[in-house]
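Okay, so here's the structure we're looking at.
In this note's numbering, the protein residues as written are 111 to 321.
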């Protein structure tokens, strides 16, 4: 499998994860947000697959850029600009056609930088960053391990993101629609942090060849 095909498989698995978890993400968002996160993410990744079919990308960076454009154009609310920026920054970070563990971790770190700049949030604000920040740290550590693989980098990132998403449950939201609820947002899992975990887990599964 070449790198373009592998990256496309990752996006296909991400799209499937958003389809499978649409109702779950919508439920989470209905508790502390607009209730549209699941539908928006499904629509965005469906558009990404359509764009990939139309553009025939020639590198992993091209794949991620196509996804970024689709998400920015099709996903409403804050998620579109945030995830779109994440994929765009990741695409810019991938200068090589061959993507190794260090490249993968670097792309995730670039994505994190884009989300930070766009969202102006910090860890603890009950946002995507609560999952993505520990995911990047875990990815960077996994990339330096003996016998590191891109799949292992994403698996480490996904596991850290899951813990990060769970850590949002007791938090008071300080950004986004949920911040209007004050203490009433406590006890609810952040939908953006949750979708971040689901996307990273989907990437890891695709690279591991899991069913």
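C-beta atoms are modelled at their ideal positions from N, C-alpha and C, and glycine is treated no differently.
Given this structure, state the Cα-to-Cα distance separating residue i from residue j, to the nearest angstrom.
i           : j           : result
residue 311 : residue 143 : 24 Å
residue 163 : residue 190 : 20 Å
residue 194 : residue 296 : 28 Å
residue 69  : residue 301 : The question about residue 69 has no answer, for the chain in this structure spans 111 to 321.
residue 273 : residue 299 : 11 Å
residue 282 : residue 166 : 43 Å
Can the beta-carbon of residue i be found less than 9 Å from the beta-carbon of residue j?
i           : j           : result
residue 267 : residue 314 : yes
residue 200 : residue 224 : yes
residue 196 : residue 260 : no
residue 147 : residue 183 : no
residue 155 : residue 179 : no
residue 249 : residue 264 : yes
residue 204 : residue 171 : yes
Under 8 Å by Cβ, that's how I've got residue i and residue j pegged, so tell me the actual separation to the nearest angstrom.
i           : j           : result
residue 305 : residue 135 : 6 Å
residue 237 : residue 245 : Actually they are not in contact, since the Cβ atoms of residue 237 and residue 245 sit about 13 Å apart, beyond 8 Å.
residue 185 : residue 121 : 14 Å between Cβ atoms; not a contact.
Where does residue i fall in DSSP's three states?
i           : result
residue 111 : Confidence is the limiting factor: at residue 111 the pLDDT is only 43, short of 50, which leaves the residue's position unreliable and the question unanswerable from this model.
residue 298 : coil
residue 232 : coil
Count the other CB atoms, across all protein chains shown, that sit within 10 Å of the CB of residue i; report buried if there are 16 or more and exposed otherwise.
i           : result
residue 115 : exposed
residue 216 : buried
residue 133 : exposed
When the cut-off is 9 Å and only beta carbons count, does residue i lie next to chain D?
i           : result
residue 132 : Chain labels in this structure do not include chain D; a single protein chain is all it has.
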